[in-house]
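Scroll down for the structure; my scribbles are underneath it.
Chains as they are written, first to last, in our numbering: chain A, 657 to 924; chain B, 213 to 596.
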């Protein structure tokens, strides 16, 4: 990919990144893929995320839950660079990416599926998938990668169909396929199963698990559906009022009375 | 979205391979019939001066280049610019100033290049501050419109003798007359394109004269159209269209959206500059009316009526609308333009040419098969 940046690696290390100078010298990678350090985002007088310390390891599948307005989408937009942080830092693979533009972060290996299916409606499925792939593949390899991405999205036979003609679920699959076609290390999914039926949810869950297990892609998934979260998640982070409220295995989170109170609406 | 050779199903014939770079989902016309029609249309333009007013048509073709520049910037990249006439005017004035000061064949040739570069550089300066300053959407439109007004106001007050660059007086609303006749080449190996008719004789028609300038413009228009077809159907063109459809999505594919918009805007400015150079060369005169609001609006009207997502639409509509406008002249022409624009937006929002193309495609493949691309048998699953 293009737009790679050089920077002082020792200066760019985050405070909590488990990476030593020796590892840097030998090029060994750390376990921690992404880490935020005191991340703050303010919109005027409203603080959407407040001093968020959050990390994701390589190959981890982490879900992000919380009530509406908790700051989940804001956190994802800060990680992608769509929003500029008011304070704090974001480290990716040990490098400070806080000041990088979104496309520069993508070139580092971060990819995202937006909350509302964001496919190019007028373009065919093939044209949609070709757009991310054309950056790093040409000729026969490009055709192969596009075909594989379409097949993985379950859209074989729809190559020449305009994306706008696909169902909501198929558009979700297509967009995940487009984001995954970039071969990222970290894929951010904002409510990937919103508005889908049970079969479509299962298909998306299976897709996420396969990408995670077979390609080692780390995920941050925002989702309200706790059943869906339980079906895919290793670790869950609960955001509330812009702050990290709880972190842990889904079983612990689901049974936490405070979480039930603020998120599930139950009584403690 | 139809398939084509660019989709990996390349036509293996020689003609297919030749056509391949010019075809794709971002342009109208992928059939042999289209290219036959295209060649017939070009042939008609070649012989037109024998029967009609080639001088006037050359003006329309010059303006078609301006229309193509807006189609590129707006139609393909989603940047609605009312400032194409700024780059058109700067190109024209730059050509005038340089050619007046260096009125030799080499100097005039350099003036042509300077005019094109002038249009491109001015677009680059404005585009840099807009796009790298985070300006987008309707605010770009407002800034480009204001740029037009600023240029019009500025050039209008340049009538005084102090407003001269070397030998070239800007002249305010009196304009800049005495622009040297367009001559390309260098001393001893040059050709004059203006007021240098070429005598011809054809049996059955008799003797007549043709203007080399007309054919220069025709070659530039056809060449530009074909070059832009290659561009918009390339990988880069696909990114341009993606930006038009969804900037944020495209950025999240790792594309530097700001840089792409900056480059396309600059390219559009250079193309508008070329149009301005030819305009000033044809008229051997330029004045600030090229920066007027009416003139700034015309490219938007041409491209809207023809179809902003179609290069062919922009070129054809410019020729047709300008023919109507010049033929009718006066206030009635303005009423007609407004009516055409309204009717197009309300009835044919994608423009006339794409609509005509769709009708032709429908007629060719038969009714009932024109529901867009083929959806697989499980189409019931894709209609929620």
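No residue lacks a Cβ here, since even glycine has one placed at the ideal position from N, Cα and C.
Going by Cα to Cα distance, which pick from the options is closest to residue i?
i              : options                        : result
residue 520(B) : 486(B), 500(B), 565(B)         : 565(B)
residue 823(A) : 704(A), 877(A), 870(A), 849(A) : 849(A)
residue 412(B) : 396(B), 257(B), 423(B), 496(B) : 423(B)
residue 562(B) : 414(B), 419(B), 523(B), 535(B) : 523(B)
residue 751(A) : 688(A), 794(A), 880(A), 819(A) : 688(A)
residue 425(B) : 433(B), 471(B), 333(B)         : 433(B)
residue 784(A) : 838(A), 749(A), 879(A)         : 838(A)
residue 467(B) : 886(A), 807(A), 735(A), 789(A) : 789(A)
residue 880(A) : 917(A), 700(A), 717(A), 723(A) : 723(A)
residue 701(A) : 735(A), 720(A), 733(A), 742(A) : 742(A)
residue 939(A) : 709(A), 698(A), 717(A), 699(A) : Examination of residue 939(A) is not possible in this model, given that chain A is present from 657 through 924 alone.
residue 287(B) : 304(B), 312(B), 348(B), 518(B) : 518(B)
residue 268(B) : 532(B), 546(B), 348(B)         : 532(B)
residue 428(B) : 301(B), 494(B), 370(B), 371(B) : 494(B)
residue 330(B) : 249(B), 400(B), 478(B)         : 478(B)
residue 391(B) : 304(B), 312(B), 506(B)         : 312(B)
residue 758(A) : 573(B), 545(B), 464(B), 557(B) : 464(B)
residue 775(A) : 801(A), 834(A), 908(A), 802(A) : 834(A)
residue 503(B) : 542(B), 379(B), 261(B), 367(B) : 367(B)
residue 350(B) : 305(B), 506(B), 290(B), 399(B) : 290(B)
For residue i, I'd like the list of residues in its chain whose CB is within less than 7 Å of its CB, leaving aside the five on either flank, ordered along the chain.
i              : result
residue 681(A) : Residue confidence for residue 681(A) is low, a pLDDT of 43 falling below 50, so the modelled location carries little weight and cannot support an answer.
residue 322(B) : 310, 314
residue 781(A) : 806, 811, 814, 815, 817, 819, 830
Cα separation between residue i and residue j?
i              : j              : result
residue 662(A) : residue 832(A) : For residue 662(A), the predicted structure reports a pLDDT of 39, less than 50, and the residue's modelled location is therefore unreliable. A value from the coordinates is still provided. Spanning the two alpha carbons is a distance of roughly 29 Å.
residue 276(B) : residue 527(B) : 5 Å
residue 548(B) : residue 357(B) : 23 Å
residue 684(A) : residue 695(A) : The predicted position of residue 684(A) is uncertain, since its pLDDT is 48 and thus under 50; a value taken from the coordinates is nonetheless stated next. Answer to the nearest angstrom: the Cα atoms are 27 Å apart.
residue 274(B) : residue 491(B) : 6 Å
residue 873(A) : residue 559(B) : 48 Å
residue 431(B) : residue 767(A) : 45 Å
residue 515(B) : residue 787(A) : 26 Å
residue 845(A) : residue 538(B) : 56 Å
residue 459(B) : residue 553(B) : 27 Å
residue 235(B) : residue 567(B) : 19 Å
residue 389(B) : residue 308(B) : 9 Å
residue 445(B) : residue 272(B) : 26 Å
residue 761(A) : residue 346(B) : 18 Å
residue 815(A) : residue 809(A) : 11 Å
residue 550(B) : residue 851(A) : 44 Å
residue 472(B) : residue 299(B) : 19 Å
residue 847(A) : residue 912(A) : 23 Å
residue 529(B) : residue 264(B) : 19 Å
residue 906(A) : residue 886(A) : 6 Å
residue 406(B) : residue 734(A) : 60 Å
residue 415(B) : residue 256(B) : 18 Å
residue 326(B) : residue 348(B) : 29 Å
residue 777(A) : residue 397(B) : 49 Å
residue 840(A) : residue 333(B) : 38 Å
residue 457(B) : residue 801(A) : 23 Å
Once you ignore the five residues that flank residue i on each side, which residues in its own chain have a CB closer than 6 Å to its CB?
i              : result
residue 608(B) : Past the edges of chain B, shown from 213 to 596, lies residue 608(B), and the structure says nothing about it.
residue 246(B) : none
residue 324(B) : 489
residue 229(B) : none
residue 677(A) : Summary for residue 677(A): the model assigns pLDDT 40, below 50, so the residue's position carries little reliability; its value from the coordinates is reported in the next sentence. Nothing listed; no residue qualifies.
residue 670(A) : In this predicted model, residue 670(A) has a pLDDT of only 41, less than 50, meaning its place in the structure is not dependable; the value taken from the coordinates is given anyway. These residues qualify, in order along the chain: 691, 693, 747.
residue 462(B) : 454, 455, 469
residue 395(B) : 317, 320, 402, 404
Short of 8 Å in beta carbon distance, which residues of its chain neighbour residue i, apart from the five on each side in sequence? Order them along the chain.
i              : result
residue 474(B) : 336, 339, 340, 343, 344
residue 373(B) : 381
residue 421(B) : 409, 410, 411, 412
residue 828(A) : 769, 773, 848, 849, 852, 856, 860
residue 377(B) : 309, 313
The ligand GTP and residue i: does any heavy atom of the ligand fall closer than 8 Å to the residue's C-beta?
i              : result
residue 253(B) : The ligand GTP is absent from the structure shown, which contains no ligand whatsoever.
So what does residue i bridge to, in DSSP terms?
i              : result
residue 792(A) : Note: residue 792(A) sits in no beta bridge, so no partner.
residue 718(A) : 876(A), 891(A)
residue 413(B) : 419(B)
residue 697(A) : 705(A)
residue 397(B) : 402(B)
**Message:** Could you check whether the segment 278–286 of chain B touches the segment 502–514 of chain B, counting it as contact only if at least three pairs of C-beta atoms, one from each stretch, sit closer than 8 Å?
**Reply:** yes
**Request:** State whether the segment 861–868 of chain A contacts the segment 694–709 of chain A, with contact taken as three or more CB pairs (one from each stretch) at a distance under 8 Å.
**Result:** no
**Asked** Do the segment 711–728 of chain A and the segment 881–900 of chain A make contact, defined as three or more Cβ pairs closer than 8 Å?
**Response** yes
**Prompt:** Would you say the segment 228–241 of chain B touches the segment 437–444 of chain B, given that touching needs at least three Cβ pairs under 8 Å?
**Reply:** yes
**Message:** Taking 8 Å as the cut-off, does the segment 292–303 of chain B touch the segment 449–457 of chain B (at least 3 CB pairs, one atom from each stretch)?
**Reply:** no
**Message:** With three or more beta-carbon pairs closer than 8 Å as the criterion, would you say the segment 385–392 of chain B touches the segment 491–501 of chain B?
**Reply:** yes
**Request:** Tell me, please, whether the segment 727–737 of chain A touches the segment 696–709 of chain A by the rule of three or more beta-carbon pairs shorter than 8 Å.
**Result:** yes
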